[in-house]
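Following: one structure in structure tokens, then a few remarks.
Chains as they are written, first to last, in the working numbering: chain A, 1 to 326; chain B, 1 to 419.
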């Protein structure tokens, strides 16, 4: 197996799906001539030409709406938002058109479209460009929302998202594009709706997704040093959610901590914590803890910027609380 | 609103209690913490304190009555309240007496023999009350028949959590007692030579009482026999070669004993005072150590089961015993018991009969021994010594001798089970 970056894994997924199905096309700001703001689309314009790799004006609502229209008439667009912070300009097309068309047309119209781009805080980007906005999308029935934390999952999930007949929002992370990992040479898919146990353990269930998974695995290593055997679940898919995987783990551990880099109020992480509290009530030995970003706009000061996000120390402290070790 | 007062488990091993006397009369007002009645448990006579306040509307189990844990013993509520519905439900058969749910009660002998001059008040429900506990701890307590209110909590603000219930498994000295012992002896007073007082509670009390009763009331006698183990060990090896999971030696012992009992059903019996009860099922208990006390998980109906089946069940029961999750139905009522101390190098020993059975087999280690043959030739063989203890009220010496001879012949030639 080759060791490649998440950036290359996403590029391979786009390349393979565009080669496989000529209805697939990519559009967004600087995805063509500039090879993408984060070089995800490197080489695709040269290979597939301008009708299939489309540089758009800086007008998110416009090109997102164009793509939703194209999807309803049979194409399979992949929309790259330069970051999810700019998706806010396009969100009316996502919520009111992409998510609703199938329902409102009584199934006559499908919207096979992928919205993707980096989400969540990177570094030194201050409040407006450091937002984890996934909860806005997970909130909406009619959308699928997925994430990944490894190159293997990135490639397999993007390919599944492109082949799905529903609108899929794929949240990525600028910080994670250069993370590397093994990816098989042969073709494979990672199904939407399936979580993955990234570390198996018996004492506590740590539930996370997207970029924080790697940090949570480090927290699990720290916990191992004090004799705590933590299980780490990478949800991968946020909607639909693999609830069985969560409950099966909690049945074993009797305790859970959810780690989500978005804010705590009405967030996807708080929703998962509620599901566990409700559906595992009789098997929980402690409250379910949520480690989220602090409930503030992102500070620019770098130390504060790091401090308001979930950290290894915060995850270990939450784990100790539900293990009654403090 | 009126509520049923339930018999609660006042000790971890209590299955039923006898109401010695009511301290409250019907119609009396009861406040929380007041003593409703005295209850004789398997260990001691204890005060039953009300956890609720109200008026004692009806006594269902009068002085001298026995109630299983979870059975309704009285009804508590507001003055003048109509309690006929609750009385009716108290007379319905219990759905699950082991969990002591508030809606259960047993149908038998619900009539108070003589409603005494005393009334009663509310009762602690087994998992209700105000005790702070994690949902898991509550569920574990119900599963194990422990009154959660009696478990000391070690979590934040005294919350009762999983580890607290685990430390209080039925049959293990309660952590209340253990903590008390530590306090009494004092943390810094552990000078060499100082006596330590260990409170007797839970399993230790039950073991002491039951085995004392057995040894002092059942006239024991002992029969020893040496058994050549070559064929049995070979049979086990041969069988295990063909099975995905190895069958343990104790499962073989159980199977051999069951076969011998089938041929001598008089051994599989119990002294009942005015009669002898010969059991229809061969239910063999195996004495197992759990660190804090002994317990005997029972494989039922061994007479009709194969050794693989017996082994599977035995392993499951031992795993449950290790976790303290054995239900009373899984460790009470053995018709015959085996105790095997061979793994400790014990050559031979005698055991105390485990009622209601009338005999127990004590098994020593298997060791190479020099035997003298009929022609005075010497032979080295694997030999196991076993001793059966019999209750002479049920089993005369000859009957016991026939049984142990049969058992010896079966173990020495396992093919005999086909006879």
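We put the CB at the ideal spot given by N, CA and C, even for glycine.
For residue 249 (chain B), the secondary structure class from DSSP, reduced to helix, strand or coil, is helix. Contacts with chain A (Cβ-Cβ distance below 8 Å) from the stretch 156 to 171 of chain B involve 156, 161, 162, 163, listed in chain order. For residue 35 (chain A), no beta strand (DSSP E) encloses it, and the DSSP letter there is neither H nor E. Around the beta-carbon of residue 9 (chain A), 16 or more other beta-carbon atoms lie within 10 Å, marking it buried.
Residue-level contact check: residue 209 (chain B) does not touch chain A, since none of the beta carbons of chain A fall below 9 Å from its beta carbon. Between the beta-carbon of residue 88 (chain A) and that of residue 146 (chain A) there is about 20 Å, and that puts the pair past the 8 Å contact cut.
When secondary structure is reduced to three states using DSSP, residue 110 (chain A) falls in the coil class, being assigned neither helix nor strand. Distance from the Cα of residue 320 (chain A) is smallest, within the candidate group A:204, A:233, A:266, for A:204. Non-local C-beta neighbours of residue 134 (chain A) in its own chain, meaning closer than 7 Å and more than five positions away in sequence, comprise 119, 145, 171, 238, 262, 268, ordered along the chain.
Residue range 84 to 92 is occupied by the alpha helix (DSSP H) that includes residue 91 (chain A), with no beta strand (DSSP E) assigned at that position. Taking a cut-off of 8 Å on C-beta distances, the stretch 223 to 236 of chain A does not touch the stretch 170 to 187 of chain A, as fewer than three cross pairs fall below it. Boundaries for residue 77 (chain A): no alpha helix (DSSP H) harbours it, while the beta strand (DSSP E) harbouring it runs 76 to 80, taken from the DSSP string. According to the DSSP assignment, residue 134 (chain A) belongs to no beta strand (DSSP E) but to the alpha helix (DSSP H) extending over 134 to 138. The Cβ of residue 152 (chain B) sits no closer than 9 Å to any Cβ of chain A. Cβ proximity to chain B below 9 Å picks out 280, 281, 282, 283, 284, 285, 286, 287 from the stretch 272 to 290 of chain A. In the same chain as residue 140 (chain A), and ignoring 5 residues on each side of it, the C-beta atoms closer than 7 Å to its own belong to 95, 99, in chain order.
In the three-state reduction of the DSSP assignment, residue 351 (chain B) falls in the coil class.
At least one beta carbon of chain A lies nearer than 9 Å to the beta carbon of residue 134 (chain B). A:292 is the residue among A:106, A:103, A:292 whose C-alpha sits nearest the C-alpha of residue 265 (chain A). A buried status is given to residue 234 (chain A), since no fewer than 16 other beta-carbon atoms sit within 10 Å of its beta-carbon. Taking a Cβ-Cβ threshold of 7 Å, none of the residues of chain A is close to residue 237 (chain B); the smallest such distance is about 35 Å. The C-alpha of residue 211 (chain A) is placed about 11 Å away from the C-alpha of residue 310 (chain A).
Taking 9 Å as the threshold, the shortest C-beta distance from residue 144 (chain B) to chain A does not fall below it.
In terms of CA proximity to residue 255 (chain B), B:284 leads the group B:197, B:284, B:62, B:234.
Of the residues B:386, B:228, B:403, the one whose Cα lies closest to the Cα of residue 373 (chain B) is B:228. Chain A has no Cβ within less than 9 Å of the Cβ of residue 141 (chain B). According to the DSSP assignment, residue 65 (chain A) belongs to the alpha helix (DSSP H) that extends over 60 to 72. CA-to-CA, the gap between residue 298 (chain B) and residue 147 (chain B) works out to about 25 Å.
When the alpha-carbon of residue 33 (chain A) is set against those of A:24, A:75, A:51, the nearest one is in A:51. Here the stretch 106 to 118 of chain A lies against the stretch 65 to 84 of chain A, with 3 or more beta-carbon pairs under 8 Å apart. Sequence-distant Cβ neighbours of residue 46 (chain B) in its own chain, meaning closer than 6 Å and more than five residues away, are 10, 39. Taking the Cβ atoms as the reference, residue 271 (chain B) lies roughly 13 Å from residue 396 (chain B), outside the contact range of under 8 Å.
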